[in-house]
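What follows is a single structure, written as structure tokens, with notes after it.
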Amino acid sequence: MKLSASTILPALAHLASASTARIHIHDPQQRDVQSRDVSPVAARLVLAQRTGVEDYHNADLEQDDVIDAINDYGLQTPMFADKAAGCERKAFLLYEGEEHIEALSSYTSFDLSPAPASSAIRGLMLDLARQSDPKQLLKLSDEILLDRLQSIQYMSSPLFFLTTSSSHFTSELNRLVKESYCITTLTTPLDTSSTATSKFQWGTYTLPKLNTKRSVPEKLLSEAHASLSSGSHPALHASANHSSSNSSSEPLRGILPACFTSLSACESTTRNCTGHGTCRKAYRDPDRGSNGLDCYSCSCVATKSADGKKTTTWAGPACQKKDVSVEFWLIALFTIAMMGLVGFAVGSVWEMGSEELPSVIGAGVSGPTARK
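For the sequence shown, the positions run -18 to -1, 1 to 354 when mature numbering (1 follows the signal peptide of the UniProt record, and there is no 0) is used.
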């Protein structure tokens, strides 16, 4: 039996569409970049950079096409732009379906080649979500987290959303565009095929570790400090609040950096600024790295005593240094005054000893007389 062209061509078209996965990006400053095929490893690093979890994806940065892909499709901040020009709100949307999304036609895009199975794509999205918020999402199973991502959470940043409805996807996409989100979308046909090697197409990356040990609130900081000194990832030990994470009286050891690459690294390394401030994004250095580097540092605040009569100011990279300028000036001025007083006394005595005796002392004394 001969197969007609009308039978073969639709079958080939279906196979081609079933193996296609495309990533679209939408930023406030659109770029004119030609669409091309990108490997799954380079695409993963682009997704990690655009969702702000690139610290977990350092293993494959040396591959040839990775840097070019990040330069072309990663988040970028103009060199002389203000903070509002950057991407403060990010969103990653995954659509699994066969329908063409017309709203994505004008966006910058690239294809994944070879395209991983939809199960592997879904698994990568779950891992990116866990990396973005390990404190809340790491303890959830894949089923629970997948169900949560199917209802969009506007309070989270970055925002993750998965759907199989083209209308729902389009409505949420339009809403995010109006709210000036930096949007990354991944569209792929929904299939049930999965191979043992499909998950390895993304390359190598790390996940946060869930600390199963539970301790009383008085010892939370001591355990976190012990974990930090052992060399574990700083993003795993972000404390729940200032009071619980700063109950230890142990000083921070070593020389602390003035800048941290992420908010979680700043909070964990400085113990939430030792309870005397908060970690904030100080600035973005456009000259470091391919797309610039964020600088997070402690913003210190003054504290008052229990009776409210004494105010203490703090400084240092972790707000761990107490301002002793008042005590310093008191001691310095007292020392200077005492030195001046002693110098004046010595000078007065020296001046008195150097003066000549008055002549009246010898006025009643006659000289020797000559004997006849």
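Backbone N, C-alpha and C define an ideal beta-carbon position, used for all residues, glycine too.
With a threshold of 6 Å on Cβ separation, who are the neighbours of residue i within its own chain once the five nearest residues in sequence on each side are excluded?
i	result
L76	M107, L144, L168
L141	A73
L131	F142, L144
R262	S281
L234	A300, Q302
L275	D267
I7	Y55, T90, T166
Can the beta-carbon of residue i be found less than 7 Å from the beta-carbon of residue j?
i	j	result
Q16	G56	no
S114	V48	no
T186	E78	no
L172	S95	no
A51	V28	yes
T293	K286	yes
E81	S148	yes
A297	S279	no
D42	S244	no
T295	A284	yes
For residue i, count neighbouring C-beta atoms within 10 Å of its own C-beta (all shown protein chains included) and say buried if the count is 16 or more, exposed if not.
i	result
L158	buried
D129	exposed
Q12	exposed
T170	buried
D64	For D64, the predicted model reports a pLDDT of 49, less than 50, meaning its position is unreliable and no value from the coordinates is stated.
I165	buried
S162	exposed
E249	buried
T174	Because the pLDDT of T174 is 48, which lies under 50, any placement of that residue in the model is unreliable, and the number read from its coordinates should be weighed accordingly. The residue in question, T174, is exposed, as its Cβ has fewer than 16 Cβ neighbours within 10 Å.
P317	Looking at the sequence shown, residue 317 is not Pro but Thr. Classification for T317: exposed.
A314	exposed
S212	Because the pLDDT at S212 is just 46, under 50, the model does not fix this residue reliably, and the point stays unresolved.
Going by Cα to Cα distance, which pick from the options is closest to residue i?
i	options	result
V20	W296, F92, V306, K160	F92
S153	S123, L86, A41, D109	L86
A3	I103, R262, F310, G236	I103
Q135	K191, R71, T252, I313	R71
P190	L120, R235, N156	L120
K160	H6, P10, E309	P10
R112	T33, S88, V306	T33
D54	S244, S133, T90, C69	T90
P98	A25, T252, A240, A264	A25
Got a sec? Which residues, its chain only, sit under 8 Å from residue i by beta carbon, not counting five neighbours each side?
i	result
R196	Here R196 scores only 45 on pLDDT, less than 50, and its place in the model should not be relied on; the value that follows carries that caveat. Closer than 8 Å at Cβ, skipping near neighbours: no residue.
Please go through the same chain and pick out, in chain order, the residues whose beta-carbon is closer than 7 Å to the beta-carbon of residue i, but skip the five residues on each side of it.
i	result
D109	L189
R18	F92
Going residue by residue through the region 246 to 331, where are the continuous beta strand (DSSP E) segments of at least 3 residues, counting only ones entirely within it? 259 to 267, 275 to 282
List, from N- to C-terminal side, the beta strand (DSSP E) runs of 3 residues or more that fit wholly inside the region 81 to 105. 90 to 94
I'd like the ranges of any alpha helix (DSSP H) spanning at least 4 consecutive residues and lying wholly in the region 17 to 48. The DSSP assignment places complete alpha helix (DSSP H) segments of no fewer than 4 residues inside the region 17 to 48 at 22 to 33, in order along the chain.
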